[in-house]
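**Student:**
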Amino acid sequence: MSKGQITLPKDIRAKLGLSVGDRVTLICEEDRVILMNSAVYAMKMLQKEMEGEAEKAGICTDDDITNLVKDIRAEMEGL
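In our numbering, the protein residues as written are 12 to 90.
(1) Is it buried or exposed, L29, if we count other Cβ atoms within 10 angstroms and call 16 or more buried?
(2) Secondary structure at T77, three-state DSSP: helix, strand or coil?
(3) Are there any heavy atoms of the ligand SAH lying less than 7 Å away from the beta-carbon of V31, as far as the coordinates show?
(4) Residue ranges of each beta strand (DSSP E) run of no fewer than 3 residues wholly in the stretch 32-83, ordered along the chain?
(5) Can you tell me whether DSSP reads K26 as helix, strand or coil?
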């Protein structure tokens, strides 16, 4: 029974930053298939989902981010 494994040439693995055993994601778009490093794909999807969320939360500047990090660290130290 097949495990769904594929073998990629070394140059393609290097270009995608893949090592032996890493997982890939295949994305079908019309008549083509896009092969992506699964970790990179997951990060891109997360970034897409989170787009605009900082602004909704009132985090608009670097200072806002710095202050949020300080607040969270202070909270964690108090636990």
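Glycine included, every Cβ here is placed at the ideal spot set by N, Cα and C.
**Tutor:** For this structure:
(1) Counting the other CB atoms within 10 Å of its CB gives L29 a total of 16 or more, which places it among the buried residues.
(2) In this structure, DSSP gives T77 a helical state, which the three-state scheme calls helix.
(3) Ligands in the displayed structure: none, and consequently the ligand SAH is not present.
(4) 35-40 and 43-48
(5) Here K26 sits in helix by DSSP.
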